[in-house]
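Some notes on the structure that comes next.
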Amino acid sequence: MKHYKNISQLHQDSNFMPPEHPMISLIHCSDVNSCSIGQSKFTCDFYMIALKKIASGSFIYGKSPYDHDNGSMSFVKPRQVMEINSVVMAENAFVIFIHEDYFLSHNLHKEIKQYGFFDYETNEALHLSPTEEKIIWELYDKISFEYKNNADEFSKDIILTHIDSILKYVQRFYKRQFINRKDMSGPIVTRFNRILASYFETGQLNKKGLPTVTAVSSQLNISSRYLSDLLKQETGKTALEHIHIFLIDEAKNLLMGTENTIAGTAYQLGFENPPYFTRLFKKQTGSTPAEFKKQHLN
Numbered sequence: 008m009k010h011y012k013n014i015s016q017l018h019q020d021s022n023f024m025p026p027e028h029p030m031i032s033l034i035h036c037s038d039v040n041s042c043s044i045g046q047s048k049f050t051c052d053f054y055m056i057a058l059k060k061i062a063s064g065s066f067i068y069g070k071s072p073y074d075h076d077n078g079s080m081s082f083v084k085p086r087q088v089m090e091i092n093s094v095v096m097a098e099n100a101f102v103i104f105i106h107e108d109y110f111l112s113h114n115l116h117k118e119i120k121q122y123g124f125f126d127y128e129t130n131e132a133l134h135l136s137p138t139e140e141k142i143i144w145e146l147y148d149k150i151s152f153e154y155k156n157n158a159d160e161f162s163k164d165i166i167l168t169h170i171d172s173i174l175k176y177v178q179r180f181y182k183r184q185f186i187n188r189k190d191m192s193g194p195i196v197t198r199f200n201r202i203l204a205s206y207f208e209t210g211q212l213n214k215k216g217l218p219t220v221t222a223v224s225s226q227l228n229i230s231s232r233y234l235s236d237l238l239k240q241e242t243g244k245t246a247l248e249h250i251h252i253f254l255i256d257e258a259k260n261l262l263m264g265t266e267n268t269i270a271g272t273a274y275q276l277g278f279e280n281p282p283y284f285t286r287l288f289k290k291q292t293g294s295t296p297a298e299f300k301k302q303h304l305n
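Structure (structure tokens):
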């Protein structure tokens, strides 16, 4: 598998014109011929922001193929495996590659890592409304104007400001997507809780230890970051917080219904470190396990 450290080499291997800047490139696909990409599987040191509608071929990153016919946005972070198989864009589209070092000395160097959608799977792409797509295109055009004109000491800051705006709008649009797809998210919340219940009832806590967000999300066939963001939007709590709530509810039942010690209860629930169990219990309930048990036994 090839790894690209510079954007110029990626352009060369894809038969694109050399980029205007060594650290950032803009690829505008205005017809079906301008973005025909040969078969490849690679990693790179770049972020990718893309708005696309695929006519043929497949685009894969993470575990899932991009299979949505409508125009949508996808996001790839550095060193994420991408596989592109004879992709041809159906209509107006763009791809922005940004080397991670381009963000050095800018707030986005840290902030971009906090955007969860760079960890989503391809089948969790952002599907834009016509109004939303217009907003994104307007920002792209502003970036393109700065990119193609003579660079000066303001160019980089202006470009990064517009990229920052795109990311903030995407965050907003994803929240709209979560809300509009309640028919999908509602069952996911229910299935999430059922998986946790089954994990406990089948004794997997003792065999595998504490359940993880990654393990639960894999059973739901969605990425852990998408699951956590979806649950946060729907319930106000992340996937990890839901796991903690479930475990503490089970702990309460064990503390009231058995003669187990605090350490024994912790081990039964899959905690290898009883002090960590005590801290988590107090954080969730406001009292330690010993205080809770004493209060309910009296």
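So the sequence shown is numbered by this note's numbering: it starts at 8 and just counts up by one.
Note that beta-carbon positions come from the ideal geometry of N, C-alpha and C, so glycine has one too.
What is the DSSP secondary structure of GLU208, counted as helix, strand or coil?
Residue mapping note: residue 208 aligns to position 201 of the sequence shown, counting from 1. Reduced to three states, the DSSP call for GLU208 is helix.
Which class does VAL220 belong to by DSSP, given the choice of helix, strand or coil?
Working through the sequence shown from its first residue, we reach residue 220 at position 213. Three-state DSSP puts VAL220 in a helix.
Using the Cβ count rule (16 or more neighbours within 10 Å means buried), how would you classify ASN89?
For the purposes of this step, residue 89 is taken as residue 82 along the sequence shown, with counting starting at 1. First, the residue type needs correcting, since residue 89 is Met and not Asn in the sequence shown. By the 10 Å Cβ count, MET89 comes out buried.
Can you tell me the Cα-Cα spacing of SER151 and LEU33, whole angstroms?
The residue given as residue 151 occupies position 144 in the sequence shown. The residue given as residue 33 occupies position 26 in the sequence shown. C-alpha separation (whole angstroms): 7 Å.
Give the straight-line distance between the Cα atoms of TRP144 and ALA222, rounded to the nearest whole angstrom.
Residue numbering aside, residue 144 sits at position 137 when the sequence shown is read from its first letter. Residue numbering aside, residue 222 sits at position 215 when the sequence shown is read from its first letter. For TRP144 and ALA222, the distance between alpha carbons rounds to 37 Å.
As an exercise, report each continuous alpha helix (DSSP H) stretch of at least 4 residues that is fully enclosed by the region 272-301, in chain order.
281-292
What do you get for HIS249, buried or exposed, if any count of 16 or more other CB atoms within 10 angstroms of its CB means buried?
Here residue 249 refers to the residue found at position 242 of the sequence shown. When all chains shown are included, HIS249 counts as buried.
SER224 to ASP171 span [Cα, whole Å]:
As a position in the sequence shown, residue 224 is number 217, starting the count at 1. As a position in the sequence shown, residue 171 is number 164, starting the count at 1. So the alpha carbons of these two residues sit roughly 29 Å apart.
Please name the residue, chosen from GLY216, ILE165, GLY123 and SER15, that lies closest to PHE2 on a Cα-to-Cα basis.
Residue 2 is absent from the model: the chain starts at 8 and stops at 305.
Please check the pair LYS101 and ALA57, which I expect to be a contact at CB under 8 Å, by giving their CB distance rounded to whole angstroms.
As a position in the sequence shown, residue 101 is number 94, starting the count at 1. As a position in the sequence shown, residue 57 is number 50, starting the count at 1. Per the sequence shown, residue 101 should be read as Phe rather than Lys. Right, the Cβ-Cβ distance comes to about 7 Å (below 8 Å), so this counts as a contact.
For TYR54 and PHE124, what's the separation of their Cα atoms in angstroms?
The count along the sequence shown starts at 1 and reaches residue 54 at position 47. The count along the sequence shown starts at 1 and reaches residue 124 at position 117. Rounded to whole angstroms, TYR54 to PHE124 spans 12 Å at the Cα level.
May I have the straight-line CA-CA distance separating VAL39 from LYS59, to the nearest angstrom?
By one-based count along the sequence shown, residue 39 stands at place 32. By one-based count along the sequence shown, residue 59 stands at place 52. The predicted model places VAL39 with a pLDDT of 47, which falls under 50 and marks its position as unreliable, so this point remains unresolved.
Reducing DSSP to helix, strand and coil, say where SER21 ends up.
Within the sequence shown, numbered from 1, the residue matching residue 21 stands at position 14. Coil at SER21, not helix or strand.
Taking 9 Å as the threshold (C-beta atoms), are LEU217 and PHE278 in contact?
Taking the sequence shown and counting its residues from 1, one reaches residue 278 at position 271. Taking the sequence shown and counting its residues from 1, one reaches residue 217 at position 210. Contact flag set, yes.
In the DSSP output, which residue or residues are listed as bridge partners for PHE53?
In the sequence shown, the residue the question calls residue 53 occupies position 46. In DSSP, PHE53 forms a bridge with HIS106.
Exposed or buried, what is PHE161 when buried is set at 16 or more other beta-carbons lying within 10 Å of its beta-carbon?
Your numbering for residue 161 matches position 154 in the sequence shown. PHE161 comes out exposed.
Reducing DSSP to helix, strand and coil, say where SER235 ends up.
Stepping through the sequence shown from its first residue, residue 235 is reached at position 228. Three-state DSSP puts SER235 in a helix.
Suppose you measure from the CA of PHE185 to the CA of GLU266; what does that come to, to the nearest Å?
In the sequence shown, the residue the question calls residue 185 occupies position 178. In the sequence shown, the residue the question calls residue 266 occupies position 259. Looking at the two C-alpha atoms, the distance is approximately 44 Å.
Considering only C-alpha positions, which residue in the set LYS175, HIS28, HIS35 and GLU153 is nearest to LYS120?
Start at 1 with the first residue of the sequence shown, and residue 120 comes out as number 113. Among LYS175, HIS28, HIS35 and GLU153, the Cα nearest to that of LYS120 is on LYS175.
Starting from HIS28, follow the alpha helix (DSSP H) in both directions and report where the run begins and ends.
For the purposes of this step, residue 28 is identified with residue 21 of the sequence shown, where counting begins at 1. HIS28 -> no alpha helix (DSSP H), and no H or E assigned at all.
Let me confirm a value: PRO296 is counted as buried when at least 16 other C-beta atoms fall within 10 Å, else exposed. Which label applies?
Taking the sequence shown and counting its residues from 1, one reaches residue 296 at position 289. Buried, because 16 or more other Cβ atoms sit within 10 Å of the Cβ of PRO296.
Closer than 7 Å by C-beta to HIS116: which residues in its own chain qualify, once you throw out the five before and the five after it? Chain order, please.
Taking the sequence shown and counting its residues from 1, one reaches residue 116 at position 109. Closer than 7 Å at Cβ, skipping near neighbours: PHE110.
Look at the Cβ atom of ASN213, then the Cβ atom of PHE253, and state whether they are nearer than 9 Å.
Position 206 of the sequence shown holds residue 213. Position 246 of the sequence shown holds residue 253. No.
Straight-line CA distance for LYS155 to ILE142?
Looking up residue 155 in the sequence shown gives position 148. Looking up residue 142 in the sequence shown gives position 135. For LYS155 and ILE142, the distance between alpha carbons rounds to 20 Å.
Return yes when the Cβ of MET30 is within less than 9 Å of the Cβ of HIS113, no when it is not.
Numbered from its first residue, the sequence shown carries residue 113 at position 106. Numbered from its first residue, the sequence shown carries residue 30 at position 23. Going by C-beta atoms, HIS113 is not nearer than 9 Å to MET30.
Can you tell me the Cα-Cα spacing of CYS36 and TYR147, whole angstroms?
In the sequence shown, residue 36 corresponds to position 29, counting from 1. In the sequence shown, residue 147 corresponds to position 140, counting from 1. For CYS36 and TYR147, the distance between alpha carbons rounds to 13 Å.
Looking only at its own chain, which residues have a Cβ that is under 7 Å from the Cβ of GLU27, when we skip the five neighbours before and after it?
The residue you call residue 27 lines up with position 20 of the sequence shown. Excluding residues within five positions, the ones whose Cβ falls inside 7 Å are TYR154 and LYS155.
Where the alpha helix (DSSP H) containing TYR154 begins and where it ends
Here residue 154 refers to the residue found at position 147 of the sequence shown. That run of the alpha helix (DSSP H) goes 137-155.
With 16 other Cβ atoms within 10 Å as the buried cut-off, status of ALA204
Reading the sequence shown from its first residue, position 197 is the one you call residue 204. Exposed, because fewer than 16 other Cβ atoms sit within 10 Å of the Cβ of ALA204.
Own chain, CB closer than 6 Å to ILE202, minus 5 neighbours either side, in chain order
What you label residue 202 is simply residue 195 of the sequence shown in a count that begins at 1. These residues qualify, in order along the chain: VAL223 and GLN226.
Grab the span of the alpha helix (DSSP H) containing LYS259 for me, first residue to last.
Translated into the one-based positions of the sequence shown, residue 259 becomes position 252. 246-264 is the span of the alpha helix (DSSP H), which, as asked, contains LYS259.
Beta strand (DSSP E) containing GLY9: first to last residue?
The residue you call residue 9 lines up with position 2 of the sequence shown. The residue you asked about is not Gly; residue 9 is Lys in the sequence shown. Note, LYS9: beta strand (DSSP E), 9-11.
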